[in-house]
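Residue numbers (this note's numbering), protein chains in the order written: chain A, 1 to 150; chain B, 1001 to 1150; chain C, 2001 to 2150.
By construction, the Cβ of each residue, glycine as well, lies at the ideal position given by its N, Cα and C atoms.
Written out below as C-alpha cells is the structure these notes cover.
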Amino acid sequence: MTQQLAITGVVSADVYQEVVHFYARHMHLLDAGAAAEWAATFVDDCLMDLPNLEPVHGRTALAEMMAKSIAQLRAGGEQRRHWHGMITVDEMPGGELAVRCYALVFSTLFGGEPRLHRTCVCHDVLVREGGTLKVRSRRVTRDDLNTDLS
Amino acid sequence: MTQQLAITGVVSADVYQEVVHFYARHMHLLDAGAAAEWAATFVDDCLMDLPNLEPVHGRTALAEMMAKSIAQLRAGGEQRRHWHGMITVDEMPGGELAVRCYALVFSTLFGGEPRLHRTCVCHDVLVREGGTLKVRSRRVTRDDLNTDLS
Amino acid sequence: MTQQLAITGVVSADVYQEVVHFYARHMHLLDAGAAAEWAATFVDDCLMDLPNLEPVHGRTALAEMMAKSIAQLRAGGEQRRHWHGMITVDEMPGGELAVRCYALVFSTLFGGEPRLHRTCVCHDVLVREGGTLKVRSRRVTRDDLNTDLS
C-alpha cells in the first residue's frame, strides 16, 4: 500500500498542470460522447482495465466500447460526468508518467435529480506522442468492489 | 459538439493555474455571500446566462440577484458550495480566455445531511482588466434540463 | 467574512501547483490508512482543530487518532475519500502559506452505494521543512454545523 503511494519521480509544475488540463479535455470528450476524439487521447496499443469487465486492448476496441456505452446512456436519457481529482503524478525512469487519482462519476437523468454514481481510484500511465500526452494504460478500481480498501 | 471541445489556443501553465485559482476565490466569495466582492470579479458590462432565468446584464444587476439569492438561502439555513472542476482554457484570437468546465453545487441545511444539488457545465469568457482576470460572460447548462446531452 | 477572503499575498504558479499536488498525496495517504506516512506530512508540533473534537496537538497524537479512525472504518468495511478543491493560497509575511479550501468526504461501504458524507471548509497553514511542504495547523468547519454560514 505505502509503496504505491511513495513519491518516485517529482515532476515540474508545468508537467503537473499539463496532466490536469489533459484530463479535463479527456473527460469532456468522454461525457460528450465524442468516441473517436476520446479514443485519440489513448495510444494505439492502449490497455484499459475496468472493474467487472474484461481488459480492453487497443484504441479501436476502446472506441467501440465507448460508442456502445454512450448510445445506451443516451437511449436512457442519462448524462454522466467524470471528475478526476486529487491527482498525483510521478515520472518513471523511462519518462512515462505514473498517475494515481480519484475519480467520481455523477449521473443525471433528464428531468431527474443528480446522483453520485461511483467513487473510484484510477491508475494511469501517460506517455508522449509527438509532444502530446496520451494514455497508455488505465486501471480503475471501484470503492464499492475494492476488497483491499487501499 | 466536437467543435466546441476542440483545442483552439493553448495557454501556458501559468495562465491555466491563474484561472484555477481565480475560480477558487470567485466561488469562496459567492458561497460566503460577499455579493459586492463577488460581483467585482465580473466586468462591468458582463452577461450571465443561467438555466430557467432571463439573462442578467451588468455587474449591478448581478450583485442584486446574488444578494437576493443569498438572503433566501440564509433565511432557510442553507449553505451552498460551488465547485468548478475539469477546467479547459483556450486563448481566443483577441486574447480572451474561453473556459469550459464542470460545475457541482452542493447544498447543506443547518443540522442536515449534505446533498448534491446540481451538476452543470459552465462556459465562461474571461478577460483581463488591469492585469486581473474577470468574467465577461457566463453560460451555464444544467444536466437535468439539457436536452442536447452535450 | 470578507476579511478572511481577501487576497493577502499572491503566490507563483509553481507554489500553487505544489500545494495542489501536496494535498493529493496527503489525502491518498489518509484514505489508504498510512497513518505514519500521513502524519509525516505535518510538522512535529502541529495543531489540528476538527469539528466536535478536542484540538489535537503534535504529530504523535495525530497519528494515533488517525490509526484508530482507520481501524474503525476498516472494521465497518467503509472506504472514505477526501477531496480538497477550490483551493486558495496566500503567502503570509513570515513565508507561511495560508490555505482556504473546500473539502468533500465521500463514504462507500463494501458492496454499497457511494455517499456524500460531509462538505467542509478547511483552513490550513503550511510551512516548509527542508524544502518540503508540511501542515502546521488545520481548522475544519462542517457546513451542517456551521452557524455563521461563512
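- The C-beta of B:R1128 comes no closer than 9 Å to any C-beta of chain A.
- Residue-level contact check: B:A1071 does not touch chain C, since none of the beta carbons of chain C fall below 9 Å from its beta carbon.
- Following the DSSP letters along the chain, one finds C:S2107 inside the beta strand (DSSP E) bounded by residues L2097 to L2109.
- Boundaries of the beta strand (DSSP E) around A:E129: P114 to E129.
- When C-alpha distances from A:V19 are compared across A:F110, A:V125 and A:D144, the shortest belongs to A:V125.
- Between C:D2031 and C:R2081 the beta-carbon gap is near 6 Å, inside 8 Å, which marks them as a contact.
- Judged by DSSP in its simplified three-state form, C:D2045 adopts strand.
- If you look at B:T1008, you'll find it isn't in any alpha helix (DSSP H); DSSP assigns it neither H nor E.
- Look at B:D1090: its C-beta is not under 9 Å from any C-beta on chain C.
- Contact of B:Q1079 with chain A by beta-carbon distance below 9 Å is absent, the smallest such distance being about 18 Å.
- A:V105 is positioned such that its CB atom lies closer than 9 Å to that of A:H117.
- In this structure, the CA atom of B:G1095 is about 8 Å from the CA atom of B:V1127.
- No Cβ of chain C is located within less than 9 Å of the beta carbon of B:M1066.
- Using a Cβ-Cβ cut-off of 9 Å, A:D144 is close to nothing in chain B; its nearest Cβ partner there is about 17 Å away.
- Within its own chain, the residues whose Cβ lies closer than 6 Å to the Cβ of A:R115, once the five positions on either side in sequence are excluded, are S107, listed in chain order.
- At a beta-carbon threshold of 8 Å, none of the residues of chain C lie near B:F1042; the nearest stands roughly 16 Å away.
- Shown here, A:L53 sits in coil according to DSSP, grouped into three states, outside any helix or strand.
- The residue among B:V1135, B:G1033 and B:G1077 with its C-alpha nearest the C-alpha of B:G1111 is B:G1077.
- In chain order, W1083 and G1085 make up the part of chain B whose C-beta sits under 7 Å from the C-beta of C:G2085.
- Neighbours of C:Y2102 in chain B, taken as residues whose beta carbon is under 7 Å from its own, are R1081 and W1083 in chain order.
- Here B:L1030 carries a helix assignment [DSSP, helix/strand/coil].
- Along the region 2020 to 2044 of chain C, the positions whose C-beta sits under 9 Å from a C-beta of chain B are V2020, read in chain order.
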